[in-house]
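Some notes on the structure that comes next.
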Amino acid sequence: MNINNNSENLAINNNAYQNILTRTSIRNFSNKPIKDELKSALLHAGMSAPSGVNKQPWEFILIDNTEILKQLAETLPYAKMTALAPMAIVVCGNSERFLEGDDSTLWVQDVSAASENILLAAHALGLGAVWTCLYPHPDRMESTSRILHLPNSIVPFNLIPIGYPSKTHAPINKWHPERIHYNHF
Ligand SMILES: Cc1cc2nc3c(=O)[nH]c(=O)nc-3n(C[C@H](O)[C@H](O)[C@H](O)COP(=O)(O)O)c2cc1C
-1 MNINNNSENL AINNNAYQNI LTRTSIRNFS NKPIKDELKS ALLHAGMSAP
49 SGVNKQPWEF ILIDNTEILK QLAETLPYAK MTALAPMAIV VCGNSERFLE
99 GDDSTLWVQD VSAASENILL AAHALGLGAV WTCLYPHPDR MESTSRILHL
149 PNSIVPFNLI PIGYPSKTHA PINKWHPERI HYNHF
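Residues -1 to 183 (this note's numbering) make up the sequence shown, in order.
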């Protein structure tokens, strides 16, 4: 078995697979508007994610109001690019659908899966996006909840600014075969 050769993986000619390998975080956007059809496709991708016990404990706030995008950018230290994005999605957890006991934090994995689906769908549709961190920072979560009028039961998880890329970069090489372990660590 020789799976240490990354070029073999890159040679796989499959659109979904190539989409995963070529996605990058995009932080610079043109002002080209995004059609409603694409906005809906992004949300559909998010909602198609797997979730523990199929709880789907997520809510999505789609923001395309310039004023609200600017307000969010002002208060969020690592999401300044939101001010120049035509839209953003805030992915949230709905605590009324969280599991209990040992599974009480499983929702974090569920909303992460939904978020990655949105990033990959954006890339597949010719858009660019970046995951910016809200949870678990109390200050970022508080300001986002205030600006978006979130009820107490809704936990803001991340903010994903989305737009047509005005600046792109090559994917970072993350292939580290030394981190792969066969049968035992
Ligand atoms: C949990 C998480 C939090 C992140 N938070 C931020 C953030 O607050 N601001 C930002 O610009 N990028 C953020 N990123 C994007 C990472 O910086 C980016 O994914 C990483 O540098 C790798 O680059 P790539 O996405 O282009 O492969 C975050 C990504 C993840 C998964």
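Beta carbons are placed, not taken as given, at the ideal position from N, Cα and C, and that holds for glycine.
Three-state class that DSSP yields for residue i in the structure shown
| i | result |
| --- | --- |
| W173 | coil |
| E140 | helix |
| S113 | helix |
| G44 | helix |
| E35 | helix |
| I145 | helix |
| G99 | helix |
| G126 | strand |
| I250 | With the chain represented from -1 up to 183, any question about residue 250 goes unanswered, as that position is not in the structure. |
| I199 | In the structure displayed, the chain extends from -1 to 183; residue 199 sits before or after that span and is not available. |
Closest by C-alpha distance to residue i, when choosing among the options
| i | options | result |
| --- | --- | --- |
| T185 | A43, H42, C131, S102 | Any question about residue 185 goes unanswered here, given that the chain covers just -1 to 183. |
| P139 | N181, Y162, V153 | Here residue 139 turns out to be Met, not Pro, going by the sequence shown. Among N181, Y162, V153, the Cα nearest to that of M139 belongs to V153. |
| N150 | N156, T142, L157 | T142 |
| N92 | R177, W56, K30 | W56 |
| S102 | I24, I160, S49, P163 | S49 |
| S23 | P84, Y180, M45, W129 | W129 |
| N156 | N12, N13, V109, H42 | V109 |
Bridge partners - residue i, DSSP secondary structure assignment
| i | result |
| --- | --- |
| N63 | Bridge partners of N63: none, in fact. |
| M85 | I160 |
| W56 | G91 |
| P75 | DSSP, once it has assigned bridges, lists no residue as partnering P75. |
7 Å CB neighbourhood of residue i in its chain, flanking five on each side removed
| i | result |
| --- | --- |
| A71 | A77, K78, T80, A81 |
| A120 | L40, G126, A127, I160 |
| V51 | L97 |
Sequence-distant residues of its chain with Cβ nearer than 6 Å to residue i (five each side left out)
| i | result |
| --- | --- |
| Q69 | I145 |
| T20 | P169 |
| K53 | R95 |
Close beta carbons around residue i, own chain, < 8 Å, minus the five adjacent residues each side
| i | result |
| --- | --- |
| T166 | T22, I24, G126 |
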